[in-house]
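One structure below.
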Amino acid sequence: MGKRTLKDYPHVRLELEPGLGILDLAEVFGRDAPTHLEIGSGKGTFILNQASAQPEVNFLGIEWANRYFRYAVDRVGRWGLSNIRLIRTDAAAFVRDHLEDHTIDWIHIYFPDPWPKRRHQKRRFINDQNIEQLLRVLKKGGRMQIITDHPDYWRQIQEVLERHASCFDFVRFQPTASATAGEWVGTNFERKYLKEERAFYAVAIEKKA
Ligand SMILES: C[S@@+](CC[C@H](N)C(=O)[O-])C[C@H]1O[C@@H](n2cnc3c(N)ncnc32)[C@H](O)[C@@H]1O
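For the sequence shown, the working numbering gives the first residue as 40, with consecutive numbering after it.
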């Protein structure tokens, strides 16, 4: 038997056909269930562990980098989980163009790229436009959790959130099922940064009913 490739797991990888409009999430997952969105799934550690712990929930993971995406698709396929779909695309465009209002129960954004150089900071995912879109697709009472290790990005995240604070309440950050003792979320980047003893900044919000 040859080495497994991405082709072995077409049910995990979701292709966005040109011209595709709003996604029918029930059709995508073959069932109507609460849906969590992870932005920047990386190698998929969080989504795998969380989806195993919550088989009743649908998990949609968005990852831009092909190398990480392929790695995550392969892992999800080998684990045999049926409640995960992964999409290789830009999460900003995906949320804007393919998600309906009030359809997502949770949004997870763990260690988004900090783009530390001043001239690159406009690439940071957490900005006013994207937060507006994320708040649009969250259900009333839905949650969003964000963690970063980067103090300057953290300042930006706080400022952006404050500008939209009329739409949500700040709530206690809930460690995820992927987290082991001493961790918040149990992603690869968290584990790497814990070893380096970096400080983390975490926030959780709940959209007003
Ligand atoms: C620093 S890594 C963190 C990965 C994972 N969340 C973790 O904590 O281990 C950030 C990830 O977000 C992905 N990413 C960055 N911008 C993105 C975007 N606009 N859409 C989708 N993925 C994105 C990157 O390719 C990278 O894999």
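All C-beta atoms, glycine included, are put in the ideal place defined by N, C-alpha and C.
Predicted model only: the values in this text are computed from it and were never measured.
Under DSSP, the beta strand (DSSP E) around residue i begins and ends at which residues?
i    : result
H147 : I143 to Y149
G100 : N97 to E102
T187 : L177 to T187
Y240 : Y240 to K246
I126 : I123 to R127
If you follow the alpha helix (DSSP H) that residue i is in, where does it begin and where does it stop?
i    : result
E77  : First-last for E77: T74 to I78, but that is the beta strand (DSSP E), not the alpha helix (DSSP H).
K156 : From DSSP, K156 is part of no alpha helix (DSSP H); its letter is neither H nor E.
N227 : N227 to K234
E222 : Segment: none, E222 is in no alpha helix (DSSP H) and carries neither H nor E.
L64  : L64 to F68
T215 : Note, T215: premise wrong, no alpha helix (DSSP H); not H, not E.
H137 : A130 to H137
D191 : P190 to R202
I61  : I61 -> no alpha helix (DSSP H), and no H or E assigned at all.
R109 : N105 to W118
Q89  : T84 to A92
Report, in whole angstroms, the separation of the C-beta atoms of residue i and residue j, which I expect to be a contact under 8 Å.
i    : j    : result
Y149 : T226 : 5 Å
G100 : A111 : 7 Å
F68  : N105 : Actually they do not touch by this definition, with Cβ atoms about 24 Å apart.
Y232 : D191 : Incorrect: roughly 16 Å between the Cβ atoms, too far for contact.
H137 : L55  : 7 Å
A241 : F212 : 5 Å
V134 : Q172 : 5 Å
R70  : L125 : Between L125 and R70 the Cβ distance is about 18 Å, and since that is not below 8 Å, they are no contact.
A72  : E95  : 6 Å
A243 : Q184 : 5 Å
E229 : E236 : 12 Å between Cβ atoms; not a contact.
Excluding the 5 residues preceding and the 5 following residue i in the sequence, name in chain order all residues of the same chain whose CB lies nearer than 6 Å to its CB.
i    : result
T215 : Q89 and V224
W145 : H75 and R182
G58  : none
E77  : I86, G100 and H147
D208 : E245
Y48  : V112 and G116
Leaving out five residues before and five after residue i in sequence, what residues of the same chain have Cβ atoms less than 8 Å from its Cβ?
i    : result
E142 : The question names Glu, yet the displayed sequence has Thr at residue 142. L64, T74, V176 and K178.
W103 : G79, R127, T128, D129 and A130
D167 : V199, R202 and H203
D152 : G79, R162, R163 and F164
K82  : Y107, Y110, A111, R114 and N227
Ordered along the chain, which non-local residues of its own chain (more than five positions away) have a Cβ less than 7 Å from that of residue i?
i    : result
A218 : V224 and G225
C206 : L174, K246 and K247
Q195 : R163 and I165
Q160 : W154
D140 : R175 and V176
So what does residue i bridge to, in DSSP terms?
i    : result
L55  : Paired residues: none, contrary to the question.
D208 : E245
Do we get a CB-CB distance below 7 Å when we pair residue i with the residues of chain D?
i   : result
T74 : You won't find chain D in this structure, because it holds only one protein chain.
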